[in-house]
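Below: one structure, written as structure tokens.
In this note's numbering, the protein residues as written are 390 to 824.
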């Protein structure tokens, strides 16, 4: 069974660790939830995987397969709903299950085996990041309108930040505008790779744009975020975008035009000029969530890899006895466990000091994990021969997701640059104290 040994050492490490955060770990609860989630995946999710994927390739792909809503209700009944909400922002456990980021990493890894499965547990991007924005920064009015239905899984959401006309990896380049007009803001701009916007259940989009072009305004205080109800007469979906040919229906990644979109001023998040502050609070944990799920993808890939080479013969002996194959398997195991430890370390640091002060650890995990997982899946594809490049196996789709995550939520180069700066600063000579 593919899930048999998932995170076997990592689970025990997280359960028995002594965290410096204020969260009191509950090892028995975590153990029980891990086992419950594994069993749910095996009994409920794996059996419908091919049916859901076939629907996503059909003429009805921009609709939601009914089994998804059925599984969501079962997950709620099993107590597997909203496990992603970190206890640091939910100390009274009003929204989630009371897990830390480090503990949730183990659950996200299990969900990562099947890319669509996080939605079943209401733990899918971009909804988790958008809910985190609402929990951390939303007004009571905003929470009532959008947080409650998102937490209940009744609606979906989108996040509009990246733009086709500029290098959006430097968010100061973003040129969409948010202009005040009386009791409203007027939005204009073109966004793309707005994940979630194609979903028929998408009812809210977070839009990032400039509220100031003044040279007197510091560059990192010119951007703001605002909620846009969806659908909206001024919001036009230009087209669904693909990643290596996959359109990820019905969720989708849209190119969107916002033209004279009017929304109430009360939809602004936190205040004008707070966009970068919100983005860092949102993207830090989100980057780690992606990495957590990637580890699960890698575990599935290596399991398929080993199964394949054990059943195929070439040049007079099983592939599993070929030296190059064995080296690839060993390298894959090392890559997975190394990446997992970085991810768990980053998650623990977020629990201990917050995402802002854990930037180095987040950058390490985000730079290493997608590349490591991409390499593991690539080796598994190679072992499957021509079949590895087809949809007869899940590997091509998993590989596209891993490769995409070297760009999503910030490209490798940005994280490596940030990490290098912090390391150089750590080793730079300190100015001498004045006598």
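Even glycine gets a Cβ: it sits at the ideal position worked out from N, Cα and C.
Of the other Cβ atoms in all chains shown, fewer than 16 fall within 10 Å of the Cβ of residue 443; this residue is therefore exposed. Per DSSP, residue 759 is one residue of the alpha helix (DSSP H) stretching across 748-772.
652 is the residue among 790, 587, 652 whose C-alpha sits nearest the C-alpha of residue 571. The stretch 764-774 and the stretch 783-801 touch, with three or more beta-carbon pairs separated by less than 8 Å. In this structure, residue 739 places its C-beta atom within 8 Å of the C-beta atom of residue 673.
In the structure shown, residue 777 falls within a helical segment according to DSSP collapsed to helix, strand and coil. Bridge pairing for residue 597: 614 [DSSP]. In this structure residue 565 does not touch residue 662 by the C-beta definition: roughly 15 Å separates them, more than the 8 Å allowed. DSSP places residue 493 in the helix class (H, G or I) of the three-state scheme. At the C-beta level, residue 501 and residue 682 come within 8 Å of one another. Collapsing the DSSP output to three states places residue 788 in a helix. A direct Cα-to-Cα measurement between residue 622 and residue 775 gives close to 47 Å. According to the DSSP assignment, residue 654 belongs to no alpha helix (DSSP H), since it is labelled neither H nor E.
DSSP, reduced to helix, strand and coil, places residue 415 outside both helices and strands of the structure shown, so it counts as coil.
Contact check for residue 645 against residue 583 passes: the beta carbons are separated by less than 8 Å. Apart from the 5 residues on each side of it in sequence, residue 510 sits with its Cβ closer than 6 Å to the Cβ of 464, 469 in its chain, given in chain order.
Per DSSP, the beta bridge partners of residue 646 are 579, 625. Just so you know, the alpha carbons of residue 641 and residue 597 end up roughly 19 Å apart. For the stretch 473-536, the continuous alpha helix (DSSP H) assignments of 4+ residues that do not extend past its boundaries occur at 490-500, 516-526, in sequence order.
With fewer than 16 other CB atoms across the displayed protein chains lying within 10 angstroms of its CB, residue 699 is exposed. Contact between the stretch 746-757 and the stretch 802-809 is present: three or more C-beta pairs spanning the two stretches fall below 8 Å. As computed with DSSP, residue 632 is found in a beta bridge with 635. In this chain, residue 744 is not harboured by any beta strand (DSSP E), its DSSP state being neither H nor E. In the three-state DSSP reduction, residue 567 falls in the strand class (E or B).
Contact check for residue 496 against residue 426 passes: the beta carbons are separated by less than 8 Å.
Spatial neighbours of residue 525 in its own chain (CB-CB distance under 7 Å, excluding positions within 5 residues in sequence) are listed in chain order as 478, 670. Apart from sequence neighbours up to five positions away, the residues of its chain that approach residue 531 with a beta-carbon distance below 7 Å are 523, 616, ordered along the chain. Note on geometry: alpha-carbon atoms of residue 581 and residue 563 lie some 12 Å from one another. Ranked by how close their Cα comes to the Cα of residue 568, the residues 471, 650, 547 have 650 in first place.
By the CB criterion at 8 Å, residue 589 and residue 452 fall inside the cutoff. Taking each of 431, 450, 529 in turn and checking the Cα distance to residue 636, the smallest one comes out for 450. When DSSP states are grouped into helix, strand and coil, residue 429 belongs to the helix group. In the same chain as residue 664, and ignoring 5 residues on each side of it, the C-beta atoms closer than 6 Å to its own belong to 597, 612, 613, 614, in chain order.
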